[in-house]
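Each residue of the sequence shown is one higher than the one before, counting from 0 in my numbering. For each residue, glycine too, the CB sits at the ideal point set by N, CA and C. This one's a predicted model, so the numbers in the text were calculated from it and none came from an experiment.
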Amino acid sequence: MKTPFKAATLGLFGVFFALLRRDLLLGLRAKTEVLTGIFFMVIVASLFPLAIGADLKLLRVIAPGVLWIGALLSTLLTLPRLFEADHKDGTLEQLALTPSGLHFLVYPKLLAHWLMSGLPLVLLSPLVALQFDMPMELVWTLMLTLLIGTPTLSAIGGIGAALTLGVRGGGVLLALLLLPLFIPVLVFGAGAIEAQAAQLGVGAHLSILGALLLVSWTLGPWACAGALKVALE
């Protein structure tokens, strides 16, 4: 069985970037899986204007919630495959034996997941927001909240993906586990846009999103590593 990198010949950051590069290359080869989540958000966001009609005032009101729900569900759709391939081919077992520690090696996998699923949503959000006639200042706020919030979704989602790894019907269980944990990100992400629209300031919302990002990326990989070790036993 081939290892994804030679840990003995690479430094700590060398191992990090080797894993990140590997996961990005694997993601680019599985373009269908990557594009599924992106198209899902576009479809979800496009259906609401078609169903509600051309009431621009109403569309602007519901836009923050709709776009954030689309981003949340899109992220959830891509999470079951986060560790699945590495678990099937034995890569996770090799990573668990490296001196770096499994928790450190979870970071590049979560980062690769965000770069392949979260970052495209951030970049695509202005085009999707046009369907809701959002003013440009709200579009910038939307992009900023997604830029802070989607990495949090990836980190929290990684915990759920690790807990349900190898479990039959894991996709349904994953949704049940993660949706309650995603709610704070959804509330403060959409709330920041609504606050900006009401000229109330978004500092408090962005601060809370930043705190959630910091906590999730500090503790999330450790929780993922613990869950993965249980799955490997």
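Legend entry - Host alpha helix (DSSP H) of V229 (start-end): Looking at the DSSP string, the run of the alpha helix (DSSP H) that includes V229 is G202 to L231.
Inset, instruction - Quick one: measure Cβ to Cβ for L208 and G148, integer angstroms, because I've assumed they're closer than 8 angstroms. - result: Between G148 and L208 the Cβ distance is about 6 angstroms, and since that is below 8 angstroms, they are a contact.
Inset, instruction - Please go through the stretch 133-181 and give each complete alpha helix (DSSP H) segment of 4 or more residues, from N-terminal end onward. - result: Listed in chain order, the alpha helix (DSSP H) elements of length 4 or more contained wholly in the stretch 133-181 are 135-162.
Legend entry - Cβ-Cβ distance between A154 and S116 below 7 angstroms: Not a contact, by the Cβ cut-off of 7 angstroms.
Inset, instruction - Please classify D88: does DSSP put it in a helix, a strand, or coil? - result: The answer is coil: DSSP assigns D88 none of H, G, I, E or B.
Legend entry - Candidates L57, G26 and L66: closest to S45 by CA position: L66 is the residue among L57, G26 and L66 whose C-alpha sits nearest the C-alpha of S45.
Legend entry - Start-end ranges of the beta strand (DSSP E) lying completely within the stretch 38-63, minimum 3 residues: Whole beta strand (DSSP E) segments, 3+ residues: zero.
Legend entry - Where G100 sits in the DSSP three-state scheme: DSSP places G100 in coil when its eight states are reduced to three.
Inset, instruction - Report, in whole angstroms, the separation of the C-beta atoms of V121 and L145, which I expect to be a contact under 8 angstroms. - result: Indeed they touch by this definition, with Cβ atoms about 5 angstroms apart.
Legend entry - Rounded straight-line distance, which links the Cα of V138 to that of T77: Approximately 25 angstroms between the Cα atoms of the pair.
Inset, instruction - Classify K5 as helix, strand or coil using the three-state DSSP reduction. - result: Low confidence applies to K5: its pLDDT is 48, below 50, so where it sits in the model is not reliable, and the reading given next is rough at best. Coil, per DSSP.
Legend entry - Cβ neighbour criterion (16 or more within 10 Å) applied to A6: Confidence in A6 is poor, its pLDDT being 45 and thus under 50, which makes the residue's placement too unreliable to answer from.
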